[in-house]
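Trainee: My structure is below; once you've seen it, I'll send some questions.
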């Protein structure tokens, strides 16, 4: 349980602090086992994951052509990921499949698999270098035995984490039930195409994005949350837009 300092609240209320700078925390663990699992995931990221900030010149051109500002890179923090997972409700159904559209080095998809009840995840990334780093990092985590220990041997399958090096618009996403897209740096045309892609995802139930989707997505707005990102100041958060398919049976 977190105790909020009344003096801190009063100071924030009287200041000119921006919403993105306000304290932003993910949902607290409900059990000691969950706390230990979260800690183990964060340790695994520190130990096995390679940064996705640098890309090749060829990748920079591909990213620019797709409508993403190629020089920008950031990640959802583990704390922010938990806020998004909870808001999306992933892992509540056996058939759930989580997709991270523009996954960088794959940490969000891996965290979803290791921490939630979701059975399969897919990490879609256009940059060949980031995709390679994600695959390599996951492979090292699997070989060490750490991934299996975190998820649990009785329910672990390394192939349940799928890496796809592709443009989001061309990726096979028909079975994805929940997705996240860090589209903060997408051009308007890229968001238009993303909205069209999401409309075509027949199994999709809920989605989360950093910029609003267009009505052509076929999604109903559910509101927003704030989740911690790597570019926020310590404790800060970024607005995340939540959507639900207008008509879908679950």
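Residue numbers (the numbering used here): 1 to 250. Glycine included, C-beta positions come from ideal geometry on N, C-alpha and C.
1) Between 238, 97, 230, which has its C-alpha nearest residue 179's C-alpha?
2) Of all the beta strand (DSSP E) runs that stay within the bounds of the region 174 to 218, which reach a length of 3 or more residues?
3) Evaluate the contact criterion for the region 115 to 135 versus the region 239 to 248: three or more CB pairs, one atom per stretch, below 8 Å.
4) Cα separation between residue 213 and residue 102?
5) Only counting the same chain, and skipping five residues up and downstream in sequence, which positions put a Cβ closer than 7 Å to that of residue 202?
6) To the nearest angstrom, how far is the alpha carbon of residue 196 from that of residue 206?
7) Comparing C-alpha positions only, which one of 24, 224, 110, 184 sits nearest to residue 156?
8) What number of angstroms, rounded off, separates the C-alpha of residue 71 from the C-alpha of residue 185?
9) Does the Cβ-Cβ distance between residue 151 and residue 169 come in under 8 Å?
10) Am I right that residue 78 and residue 42 are in contact with their C-beta atoms under 8 Å? What's the rounded C-beta distance?
11) Which parts of the region 86 to 170 are runs of the alpha helix (DSSP H), unbroken and 4 residues or longer, counting only runs that do not cross its ends?
12) Using only alpha-carbon positions, find the residue among 198, 38, 221, 80 that is nearest to residue 233.
13) Residue 189: buried (16+ other C-beta within 10 angstroms of its C-beta) or exposed?
14) Per DSSP, what kind of secondary structure is residue 232 in: helix, strand or coil?
15) With C-beta atoms as the reference, is residue 141 less than 8 Å away from residue 44?
16) Which one of 231, 37, 199, 217 has the shortest CA to CA distance from residue 115?
17) Going by the CB atoms, is the gap between residue 121 and residue 112 shorter than 8 Å?
18) Going by the beta-carbon positions, is the gap between residue 182 and residue 204 smaller than 8 Å?
19) Which word fits residue 63, buried or exposed, when buried means at least 16 other C-beta atoms lie within 10 angstroms of its C-beta?
20) Who are the near neighbours of residue 217 in its chain, counting only those whose CB is closer than 6 Å to its CB and skipping five residues on each side?
21) Pick out whichever of 74, 108, 143 has its Cα sitting closest to the Cα of residue 230.
22) Only counting the same chain, and skipping five residues up and downstream in sequence, which positions put a Cβ closer than 8 Å to that of residue 135?
Mentor: Quick look at the numbers:
1) Here residue 179 is taken as the residue at index 179 of the chain shown, counted from 1. Taking only the C-alpha atoms, the option nearest residue 179 is 97.
2) 178 to 181, 206 to 209
3) When C-beta atoms of the region 115 to 135 are compared with those of the region 239 to 248, fewer than three pairs fall below 8 Å, so the two segments do not count as touching.
4) Looking up residue 213 in the chain shown gives position 213. Looking up residue 102 in the chain shown gives position 102. One Cα belongs to residue 213, the other to residue 102, and the distance between them is close to 15 Å.
5) Position 202 of the chain shown, counted from the start, is the residue given in the question as residue 202. Taken in chain order, the residues that qualify are 174.
6) Here the question's residue 196 lines up with position 196 in the chain shown. Here the question's residue 206 lines up with position 206 in the chain shown. Distance between the alpha carbons of residue 196 and residue 206 is about 15 Å.
7) For the purposes of this step, residue 156 is taken as residue 156 along the chain shown, with counting starting at 1. If we check each option's Cα against that of residue 156, 110 comes out closest.
8) Your numbering for residue 71 matches position 71 in the chain shown. Your numbering for residue 185 matches position 185 in the chain shown. Confidence at residue 71 is low in this model, with a pLDDT of 42, below 50, so its placement is unreliable and the value that follows should be read with caution. The C-alpha of residue 71 lies about 10 Å from the C-alpha of residue 185.
9) Taking the chain shown and counting its residues from 1, one reaches residue 151 at position 151. Taking the chain shown and counting its residues from 1, one reaches residue 169 at position 169. It is not a contact, given that the beta carbons lie outside the stated cut-off.
10) Position 78 of the chain shown, counted from the start, is the residue given in the question as residue 78. Position 42 of the chain shown, counted from the start, is the residue given in the question as residue 42. Yes, residue 78 and residue 42 are in contact; Cβ-Cβ is about 5 Å, under 8 Å.
11) 107 to 115, 128 to 143, 146 to 151
12) As a working mapping, residue 233 is identified with position 233 in the chain shown. Ranking the options by Cα distance to residue 233, first place goes to 80.
13) Here the question's residue 189 lines up with position 189 in the chain shown. Exposed, because fewer than 16 other Cβ atoms sit within 10 Å of the Cβ of residue 189.
14) In the chain shown, counting from the first residue as 1, residue 232 sits at position 232. Of the three classes helix, strand and coil, the one that applies to residue 232 here is coil, per DSSP.
15) Taking the chain shown and counting its residues from 1, one reaches residue 141 at position 141. Taking the chain shown and counting its residues from 1, one reaches residue 44 at position 44. Cβ atoms of residue 141 and residue 44: closer than 8 Å.
16) Within the chain shown, residue 115 is the residue found at index 115, counting from 1. Out of 231, 37, 199, 217, 37 has the C-alpha closest to the C-alpha of residue 115.
17) The residue labelled residue 112 in the question sits at position 112 within the chain shown. The residue labelled residue 121 in the question sits at position 121 within the chain shown. The answer is yes: Cβ separation under 8 Å.
18) Translated into positions along the chain shown, residue 182 becomes position 182. Translated into positions along the chain shown, residue 204 becomes position 204. Contact check for residue 182 against residue 204 fails: the beta carbons are separated by 8 Å or more.
19) Here residue 63 refers to the residue found at position 63 when the chain shown is read from its first residue. In this prediction, residue 63 scores a pLDDT of 48, lower than 50, which makes its location untrustworthy; the coordinate-derived value is nonetheless stated afterwards. It is buried - the Cβ of residue 63 has at least 16 other Cβ atoms within 10 Å.
20) Counting from 1 along the chain shown, the entry for residue 217 is found at position 217. Answer for residue 217: 195, 198, 199, listed in chain order.
21) Here residue 230 refers to the residue found at position 230 when the chain shown is read from its first residue. Residue 74 is the option with its Cα nearest to residue 230.
22) Counting from 1 along the chain shown, the entry for residue 135 is found at position 135. Cβ neighbours of residue 135 beyond the five flanking positions: 106, 163.
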